[in-house]
Amino acid sequence: MNNKVEHIKTPKLHPQESNKLNPKMEQISLSQNSSFVSYEEEGANYVLNLLCQRIMDSVSKSNNEQVKKQVQSHLDQIETLFDEFLELKNFQIKSISKTINDQESLVQKELKENQEKMKDSLVGLNINQTESKKK
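Number 60 in numbering that gives the first Met the number 0 belongs to position 61 of the sequence shown; there are no gaps in the numbering.
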């Protein structure tokens, strides 16, 4: 018995190239969804599109229309879930960013108040020193 595993070599495609091969595969544009685009999201987007493209290529060779429709339905669900995940992640990032900005504003306000108190204290200290020198 031969237990050798055969690895299938597939070409590496740029996301735009995979769309040209299958017009149904819509590229998820992360940069339009948010300004908080990370390399991880772009990588996940690329992998998702490539995976969907390879699945559709494999299924397109099948003659069973019911299987094709089921697979397309599952791919649409995956894409929807991925979009929802990105929306949730972007909402969380915006929420965290707002919290950070709010905290920064509070710290700036507190810092300004403390600076004013220190100025008042220094002015009071200078007045006391001047009065004690006069005596």
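For glycine and all other residues, C-beta sits at the position ideal for the given N, C-alpha and C.
Straight through space, the alpha carbons of L50 and L80 are spaced by roughly 15 Å.
Taking C-beta atoms under 8 Å as the contact rule, I54 and V70 qualify, at a distance of about 6 Å.
About 7 Å separates the beta carbon of L85 from that of E40, a gap short enough to meet the 8 Å contact definition. Membership of K116 in the alpha helix (DSSP H) is indicated by the continuous run E64 to K133. Spatial neighbours of E109 in its own chain (CB-CB distance under 7 Å, excluding positions within 5 residues in sequence) are not present. With 16 or more other Cβ atoms from the protein chains shown falling within 10 Å of its own Cβ, N48 counts as buried.
In terms of Cα proximity to E78, the closest of D56, K133 and Y45 is Y45.
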